[in-house]
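> Numbering (my numbering), first residue to last: 27 to 210. Structure in structure tokens, see below.
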Amino acid sequence: AEKDSQQWLAGSNNFSRTAGVNGPPETAAVKTPVHIAITYAKDGTIHIFRNGKPYGEPYKSSGPAEFKANESVICFGIRHTPVGGNRMLAGRILDAQIYNQALNADEISALASGSSDFIPEKLVMAALTIQQQHRIAKLKISLTSNREVLDSLGPNIPPQEFETHAWQDFAQSLFNFKEFIFIR
Numbered sequence: 027a028e029k030d031s032q033q034w035l036a037g038s039n040n041f042s043r044t045a046g047v048n049g050p051p052e053t054a055a056v057k058t059p060v061h062i063a064i065t066y067a068k069d070g071t072i073h074i075f076r077n078g079k080p081y082g083e084p085y086k087s088s089g090p091a092e093f094k095a096n097e098s099v100i101c102f103g104i105r106h107t108p109v110g111g112n113r114m115l116a117g118r119i120l121d122a123q124i125y126n127q128a129l130n131a132d133e134i135s136a137l138a139s140g141s142s143d144f145i146p147e148k149l150v151m152a153a154l155t156i157q158q159q160h161r162i163a164k165l166k167i168s169l170t171s172n173r174e175v176l177d178s179l180g181p182n183i184p185p186q187e188f189e190t191h192a193w194q195d196f197a198q199s200l201f202n203f204k205e206f207i208f209i210r
């Protein structure tokens, strides 16, 4: 908690591009791994994601920093060089990745879930014919409409719970079946 207790932040040189994002307090990281992703857009907007979901509010910084080859050092687990003092991370980094572009929310969600076969929708759409793209657009409209109808019918039951309810209903009807009652 360099600035605010139990808050993730996008660190920068002397906090020059750092602002609080007012995310929920971090309580799980001492017990379980947490996936943190930070994106730096070309316009200076910084987004933080925790376990594949937006964390706090994005903010606009003073702009992206330039890191010149052979003149820059990117460090993980240390606030700044040189090593020593209270600059070190009190924890473990299980994996670290740097990309040459800001990933979108879907890409970050896929990374957080461990999915290695994710293909961004824009690449899929670019590979389709115009007719296929129109078909996808119509299907999305239909899907939205169907979701609205489903939502109007009552509470949203996750697929696993729906399957559980189906088995419970089947078991109850089996136990209430007259022939089953009289079998010894």
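From the three backbone atoms N, C-alpha and C, an ideal C-beta is built for every residue, glycine too.
1) Identify whether Lys164 lies in helix, strand or coil by the three-state DSSP scheme.
2) Identify every run of the beta strand (DSSP E) within the stretch 64-94, keeping only runs that are complete inside it and at least 3 residues long; order them along the chain.
3) Assess, as a yes-or-no matter, whether the stretch 138-157 is touched by the stretch 85-93 under the definition of 3 or more beta carbon pairs within less than 8 Å.
4) Considering only the alpha carbon of each residue, which of Ile62, Thr71, Gly70 and Pro90 lies closest to Asn77?
5) With a threshold of 7 Å on Cβ separation, who are the neighbours of Asn48 within its own chain once the five nearest residues in sequence on each side are excluded?
6) Determine the DSSP secondary structure at Ile134, reduced to helix, strand or coil.
7) Ordered along the chain, which non-local residues of its own chain (more than five positions away) have a Cβ less than 8 Å from that of Ile162?
8) Candidates Thr65, Asp195 and Pro51: which alpha carbon is nearest Gln123's?
From the atom records:
1) helix
2) 71-76
3) no
4) Ile62
5) Gly82 and Glu83
6) In the three-state scheme derived from DSSP, where H, G and I count as helix and E and B as strand, Ile134 is classed as helix.
7) Met151 and Leu154
8) Thr65
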